[in-house]
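Residue numbers (the working numbering): 1 to 412. Take a look at the structure below.
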Amino acid sequence: MNLAGWNNLYTKCIAEQYEHFSSLSSIFLGYNLNIDLIAHIQEEDMHLLEEASFFSMLRECMITGSAREVIISAEDRAILRSLQFREQTMGGQAGIMANLFSLFPIHEIVLYTPMSEALTPFLSSTGAIRVPDEQCNLIDPHKIRACNDPDYHFILEFKKGMKISGHTVPRDNRFIASCPLSFPDNSCDSLFDREYDYAIISGFHLLEDTTPLSTSKRHVEALNRHTRVHYEYASTRASLRKSLIEYIHGFDSLGVNECELNEILKILGEDPVETIMDIYEGIKKVKKTLHLNRIHFHHLGFYLTVIDSSKSPERTRSALLYAALMAAARAERGNLSSWKDAKVGLQAPLSAEGISKMSELGSQLDYDDFVNSGIYEDHKEYLVFIPARIVEYPVKTVGLGDTISGLSFVGD
Ligand code: GLC
Numbered sequence: 001m002n003l004a005g006w007n008n009l010y011t012k013c014i015a016e017q018y019e020h021f022s023s024l025s026s027i028f029l030g031y032n033l034n035i036d037l038i039a040h041i042q043e044e045d046m047h048l049l050e051e052a053s054f055f056s057m058l059r060e061c062m063i064t065g066s067a068r069e070v071i072i073s074a075e076d077r078a079i080l081r082s083l084q085f086r087e088q089t090m091g092g093q094a095g096i097m098a099n100l101f102s103l104f105p106i107h108e109i110v111l112y113t114p115m116s117e118a119l120t121p122f123l124s125s126t127g128a129i130r131v132p133d134e135q136c137n138l139i140d141p142h143k144i145r146a147c148n149d150p151d152y153h154f155i156l157e158f159k160k161g162m163k164i165s166g167h168t169v170p171r172d173n174r175f176i177a178s179c180p181l182s183f184p185d186n187s188c189d190s191l192f193d194r195e196y197d198y199a200i201i202s203g204f205h206l207l208e209d210t211t212p213l214s215t216s217k218r219h220v221e222a223l224n225r226h227t228r229v230h231y232e233y234a235s236t237r238a239s240l241r242k243s244l245i246e247y248i249h250g251f252d253s254l255g256v257n258e259c260e261l262n263e264i265l266k267i268l269g270e271d272p273v274e275t276i277m278d279i280y281e282g283i284k285k286v287k288k289t290l291h292l293n294r295i296h297f298h299h300l301g302f303y304l305t306v307i308d309s310s311k312s313p314e315r316t317r318s319a320l321l322y323a324a325l326m327a328a329a330r331a332e333r334g335n336l337s338s339w340k341d342a343k344v345g346l347q348a349p350l351s352a353e354g355i356s357k358m359s360e361l362g363s364q365l366d367y368d369d370f371v372n373s374g375i376y377e378d379h380k381e382y383l384v385f386i387p388a389r390i391v392e393y394p395v396k397t398v399g400l401g402d403t404i405s406g407l408s409f410v411g412d
């Protein structure tokens with residue numbers, strides 16, 4: 001495999017993606033926006049956390065190094081309030097992606113979420129973000145005067161190497177203690193008839209019942225007349241998974257990680273996947289069964305997209321590469337302040353795991369050039385794979401998945 005070739009592709013993608021993003025005029029984002037209270041938990045915090053009813057789930061996540069999000073009770077919220085929160089920041093996929101896309105000269109980013117004045121300091125003030133007011137006119141969010149309480153989520157970041165019940169935490173990750181999704185209650189149908197370059201929907205992992213799904217299905221049908229619509233999946237409570245899967249049927253695009261892919265496969269009656277070849281097969285099954293045009297998959301060391309008749313698989317690859325650079329920069333610095341931060345990502349090494357999965361996939365597909373190009377065509381369906389870049393000590397992990405998925409979809 002030609003490592004210099006991959007580094008060269010990585011360097012080239014920055015200008016390519018900037019050019020593409022500069023040609024966009026509008027993006028639609030719904031529906032989740034909240035304030036994240038971020039704590040980096042220490043071994044001495046475990047005593048306090050043991051009192052919370054979610055403790056066994058948190059413990060399990062730490063032992064396995066996995067991420068999880070749960071809706072918690074008022075009692076648990078009271079316990080968490082006594083932790084030290086280092087940072088308050090924009091949370092929710094829609095909010096995180098709105099700030100991400102405002103790093104580019106995009107004319108308009110329409111954010112359709114519940115809004116209150118307390119949320120606006122967390123939103124970028126470059127002027128591109130627009131939210132509907134009570135009459136559904138699009139305005140600058142910083143002019144919003146509604147004073148309803150925003151949603152707060154507690155992000156418990158834990159570090160590789162911490163000790164828990166005789167185990168050692170294998171990787172940095174986080175546990176999120178959330179409240180239910182506040183779905184916007186003014187319907188603003190006119191917003192969905194407008195033309196956007198891309199639309200991204202997220203937030204239903206925090207649903208309490210299925211009512212918002214039927215309202216949203218109407219929104220998505222309207223959006224679909226003019227634009228490509230992506231659903232950014234997050235692990236969803238078991239009782240709602242089936243309805244959510246029905247809702248996603250027919251979307252253009254879906255974003256998942258390994259745990260989320262397995263959650264969907266289970267609902268579809270399929271076995272869980274683990275090896276890279278099985279992951280690829282699993283993605284194809286979900287894509288076919290749910291009639292999707294594209295699935296994007298991200299894992300710590302690699303990302304891949306399976307997409308129908310891509311006009312340019314090289315462009316799909318460029319989007320993945322740029323997403324990896326920006327995710328590495330965010331992991332390194334904790335935040336992103338410019339599209340040029342991608343250059344910081346170039347300092348991070350290529351993932352050894354990503355390189356080895358690419359070789360494994362290339363040999364299973366019996367396609368030698370795969371390790372050089374990351375592109376494989378199968379009956380007009382493309383598999384595009386990249387080894388990601390790894391930051392050994394990320395400042396924080398929350399929001400990295402949204403950075404990767406948002407840039408991979410809009411950059412494609
Ligand atoms: C989920 C959480 C939110 C967090 C986001 C990060 O949407 O509810 O608090 O900011 O994930 O991906």
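Glycine included, every Cβ here is placed at the ideal spot set by N, Cα and C.
Leaving aside the five residues that flank GLU16 on each side, the residues in its chain whose CB is nearer than 7 angstroms to its CB run, in chain order, SER318. Between the ligand GLC and ASP412, a heavy atom-to-CB distance of less than 7 angstroms is absent. Per the Cβ contact rule, the segment 116-132 is not in contact with the segment 213-229 (fewer than 3 Cβ pairs under 8 angstroms). For GLU232, DSSP records a beta bridge to GLY255. Around the beta carbon of LEU265, a 10 Å sphere encloses 16 or more other beta carbons of the protein chains shown; the residue is thus reported as buried. Contact between LEU83 and ASP140 fails: their C-beta atoms lie close to 34 angstroms from each other, not under 8 angstroms.
It is roughly 30 angstroms from the alpha-carbon of SER243 to the alpha-carbon of SER26. ILE201 has its Cβ no nearer than 7 angstroms to any heavy atom of the ligand GLC. Between VAL384 and ILE375 a beta carbon distance of about 6 angstroms is seen, short of the 8 angstroms cut, so the two are scored as contacting. In the three-state scheme derived from DSSP, where H, G and I count as helix and E and B as strand, TYR18 is classed as helix.
Membership of ALA39 in the beta strand (DSSP E) is indicated by the continuous run 34-40. Partner residues in the beta bridge of ILE375, as assigned by DSSP, are VAL384. No Cβ-Cβ contact shorter than 8 angstroms links SER338 with ASN293. Distance between THR126 and THR168, taken at the CA atoms: about 43 angstroms. Listed as beta-bridge partners of TYR112 by DSSP are GLY30.
Collapsing the DSSP output to three states places GLU60 in a helix.
In this structure, ILE295 lies near ILE283, with their beta-carbon atoms less than 8 angstroms apart. Excluding its 5 nearest sequence neighbours in each direction, GLU87 has C-beta neighbours in its own chain below 7 angstroms: ILE38, listed in chain order.
As the crow flies, the alpha-carbon of GLU43 is around 41 angstroms from that of VAL131.
Excluding its 5 nearest sequence neighbours in each direction, PHE85 has C-beta neighbours in its own chain below 8 angstroms: LEU37, ILE38, ALA39, PHE154, listed in chain order.
Under DSSP, PHE54 takes part in no beta bridge, so it has no partner. Every beta strand (DSSP E) stretch that sits fully inside the segment 247-291 and reaches 3 residues is listed by chain position as 253-256. Your pair TYR31 and ALA94 checks out as a contact, with CB atoms roughly 6 angstroms apart and the cut at 8 angstroms.
Annotation for ILE96 indicates a beta carbon within 7 angstroms of some heavy atom of the ligand GLC. Exposure of HIS291 is indicated by the presence of fewer than 16 other C-beta atoms within 10 angstroms of its C-beta. TYR112 and GLY406 have their C-alpha atoms roughly 16 angstroms apart. Contact between the segment 3-11 and the segment 190-207 is absent: fewer than three C-beta pairs spanning the two stretches fall below 8 angstroms. Cα atoms of SER312 and ALA199: separation of roughly 20 angstroms, rounded to the nearest angstrom. PRO132 is bridged by DSSP to LEU138.
The residue among THR236, LEU320, LYS287, MET277 with its C-alpha nearest the C-alpha of HIS298 is LEU320. For LEU304, the uninterrupted beta strand (DSSP E) segment begins and ends at 302-308.
A Cβ-Cβ contact shorter than 8 angstroms links PHE302 with ILE386. Only residues of its own chain outside the window of five on either side were considered, and among them LEU29, ILE200, ASP402, GLY406 have a CB closer than 7 angstroms to the CB of MET97, listed in chain order. Exposed is the label assigned to PRO349, since fewer than 16 other Cβ atoms lie within 10 Å of its Cβ. Residue environment: HIS219 is assigned as buried (16 or more neighbouring CB atoms within 10 Å of its CB, all protein chains considered). Under a 10 Å Cβ-count criterion, ALA74 is classified as exposed, with fewer than 16 other Cβ atoms of the shown protein chains found around its own Cβ.
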